[in-house]
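Heads up, the thing below is written out as structure tokens.
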Amino acid sequence: MENFVKVSGIGVPMMRINIDTDQITPGRELIRMHRDGEGYAASLFSNLRYIGDRTPNPDFILNQEPWNKGVFLLADRNFGCGSSRETAPKALREFGFRAVIAPSFAGIFFSNSFRNGLLPVELPIEQVSELARQMEDAGGHAAITVDLREETVTAPDGKVFSFRAPRVLREMLLEGTDEIGVTLSRGAEIEAFRARDRIKRPWAY
5 MENFVKVSGI GVPMMRINID TDQITPGREL IRMHRDGEGY AASLFSNLRY
55 IGDRTPNPDF ILNQEPWNKG VFLLADRNFG CGSSRETAPK ALREFGFRAV
105 IAPSFAGIFF SNSFRNGLLP VELPIEQVSE LARQMEDAGG HAAITVDLRE
155 ETVTAPDGKV FSFRAPRVLR EMLLEGTDEI GVTLSRGAEI EAFRARDRIK
205 RPWAY
């Protein structure tokens, strides 16, 4: 998994509330992915991105320059609600997004995002709206910077907003690893514990 430390790029404003996983990757796309072998990215927001089968909808922001090169998605409350569909963060990441910035996320989507290389950043709605406004005013020709190590978001005008990520999930994404990788990286600590425990409870070994 690709790690995330500090990334700069275009923030795409999709300031809608309750963008659920079926909007992000519609159910029929799950069948199509298995049948046709398409990647996850092709399914992203397919009801909005396409007219008919796969004709790009010119009115949809992700089909427009420079928004189609966005690396951050800006959204309103309760992003990723609905079913526990892991294809949602997978599609966002494969399309090119490194983070979603919103006031709140559905719990399962939030956890799945870290495990798929996508950073969910929670900021107050006023701050997300400010980021969206600056991006719209610049016509997409501006950059937001997200620093996971420092847990900050820097707006195009230089304003800095702070966020917090769960410690273990943050560590995983900084290192580009998963729970198994984190456990293996602590092998020396585990062996030291086992050595002490073997003395205390020899019958367990």
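Take the sequence shown: its letters are residues 5 to 209, numbered as in our numbering.
Idealized CB from N, CA, C, for every residue including glycine.
For this session: Using the Cα positions of LEU34 and ASP161, report the straight-line distance between them to the nearest angstrom.
Result: 40 angstroms
For this session: Give the single residue among ASP63, ALA79 and THR187 whose Cα lies nearest to the Cα of LEU135.
Result: ALA79
For this session: Report yes or no: do three or more beta-carbon pairs, one from the region 145 to 154 and one from the region 11 to 22, lie closer than 8 angstroms?
Result: yes
Exercise. Are LEU188 and PHE8 close, meaning C-beta to C-beta below 8 angstroms?
Worked result: no
Exercise. Cα-Cα, which of GLN131, ARG119 and ARG202 is closest to ARG174?
Worked result: ARG119
For this session: Determine, using beta carbons only, whether PRO107 and ARG81 come nearer to each other than 8 angstroms.
Result: yes
Problem set entry | Secondary structure, alpha helix (DSSP H): runs of 4+ residues fully inside the region 21 to 96 | 25 to 28, 31 to 40 and 50 to 53
For this session: Assuming LEU66 and PHE83 form a contact by the criterion Cβ under 8 angstroms, report the distance between their Cβ atoms to the nearest whole angstrom.
Result: Actually they are not in contact, since the Cβ atoms of LEU66 and PHE83 sit about 16 angstroms apart, beyond 8 angstroms.
For this session: Please report how far the alpha carbon of GLU155 lies from the alpha carbon of LEU122, in whole angstroms.
Result: 15 angstroms
Problem set entry | Coarse secondary structure for MET176, derived from DSSP in three states | helix
Problem set entry | Span of the alpha helix (DSSP H), counted from its first residue to its last, around GLY111 | 111 to 118
Problem set entry | Same chain, Cβ closer than 6 angstroms to ASN51, five either side skipped, listed in chain order | PRO30
For this session: Could you pull out every residue in the same chain whose Cβ sits closer than 7 angstroms to the Cβ of ALA45, ignoring the five residues on either side in sequence?
Result: ALA95, GLU98 and PHE99
Exercise. From ALA169 to ASP26, what distance separates their C-alpha atoms?
Worked result: 25 angstroms
Exercise. Which first and last residues belong to the beta strand (DSSP E) in which GLU126 is found?
Worked result: 123 to 126
Exercise. With respect to the alpha helix (DSSP H) encompassing ASP151, which residues constitute its N-terminal and C-terminal limits?
Worked result: It is not in any alpha helix (DSSP H) - ASP151 instead sits in the beta strand (DSSP E) that spans 148 to 151.
For this session: Using the DSSP secondary-structure output, state which residues sit across from PRO17 in a beta bridge.
Result: LEU78
Exercise. For PRO124 versus SER117, is the C-beta spacing smaller than 8 angstroms?
Worked result: yes
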